[in-house]
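A.B. asks: Before we start, here is the structure in question, set down as structure tokens.
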Amino acid sequence: MANVKTGDPAVDTFLKGYAPPVREIAVKAREAIFSVFPGATEKVYPGWKVIQYGAGADMKSVFAAISPQRERVNLGLAHGADLADPEGLLEGDGKAIRHVKLTSAEAAGAPAVKELIRGALQATKNGA
136 MANVKTGDPA
146 VDTFLKGYAP
156 PVREIAVKAR
166 EAIFSVFPGA
176 TEKVYPGWKV
186 IQYGAGADMK
196 SVFAAISPQR
206 ERVNLGLAHG
216 ADLADPEGLL
226 EGDGKAIRHV
236 KLTSAEAAGA
246 PAVKELIRGA
256 LQATKNGA
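Each step along the sequence shown adds one to the number in this note's numbering, with nothing skipped, and position 39 is 174.
So, in structure tokens, the structure goes:
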């Protein structure tokens, strides 16, 4: 999976700095986000080491973020503290944001992960 590409030069350049398994997880997480909301905006922040996804162009519309780590990818979800999480995937103790530690491409594309993305998107659109 060394040549995993997204088709977006900014994303591909950003992910190039990570190990192939981490790139694969990040690409699968990205695919999961776009499968839930094909119209999502995507913005790479290399300094923050994150890719943000929004329901619009402003920061208030951000509902998800991919943050590659050394051996995994953290999927941050806006309003995660308020999301139903029957499988107990969400971690963190912030006031609003929670994250899922994705350790495989399969985990990134799991139905439960997509449902959490869907919930974060809906909460963001509702202005929660």
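Where a beta carbon is used, it is the ideal one built from N, C-alpha and C, also for glycine.
None of the values given here were measured: they were computed from a predicted structure.
Cα-Cα, which of V185, W183, G189 is closest to F172?
C.D. replies: F172 has its Cα closest to that of G189, out of V185, W183, G189.
A.B. asks: Would you report the Cα separation of A247 and E222, rounded to the nearest angstrom?
C.D. replies: Spanning the two alpha carbons is a distance of roughly 7 Å.
A.B. asks: Tell me which residues share the same chain as A137 and place their Cβ nearer than 7 Å to its Cβ, disregarding the 5 neighbours each side in the sequence.
C.D. replies: Because the pLDDT at A137 is just 47, under 50, the model does not fix this residue reliably, and the point stays unresolved.
A.B. asks: What does R233 pair with, by DSSP beta-bridge criteria?
C.D. replies: DSSP output for R233 lists L212 as bridge partner(s).
A.B. asks: Quick check: the region 238-252 against the region 196-213, are there 3 or more CB pairs under 8 Å?
C.D. replies: Touching, yes.
A.B. asks: By the three-class DSSP mapping on this structure, what secondary structure does Q187 have?
C.D. replies: DSSP places Q187 in strand when its eight states are reduced to three.
A.B. asks: Please look up how many angstroms separate the CB atoms of A243 and A167, rounded, as I've assumed it's under 8 Å.
C.D. replies: 6 Å between Cβ atoms; contact.
A.B. asks: What separation, rounded to the nearest whole angstrom, lies between the Cα atoms of E177 and S170?
C.D. replies: The straight-line gap from Cα to Cα measures roughly 14 Å.
A.B. asks: Could you spell out the range, first to last residue, of the beta strand (DSSP E) harbouring S170?
C.D. replies: It is not in any beta strand (DSSP E) - S170 instead sits in the alpha helix (DSSP H) that spans 155-171.
A.B. asks: Counting only the same chain and skipping the five closest in sequence on each side, list residues whose C-beta sits under 8 Å from that of H234.
C.D. replies: Here the set comprises S202, N209, L210, G211, L212, G215, L225, E226, G227.
A.B. asks: Candidates G191, A200, G152: which alpha carbon is nearest D175's?
C.D. replies: The residue you asked about is not Asp; residue 175 is Ala in the sequence shown. The residue with the shortest Cα to Cα distance from A175 is G191.
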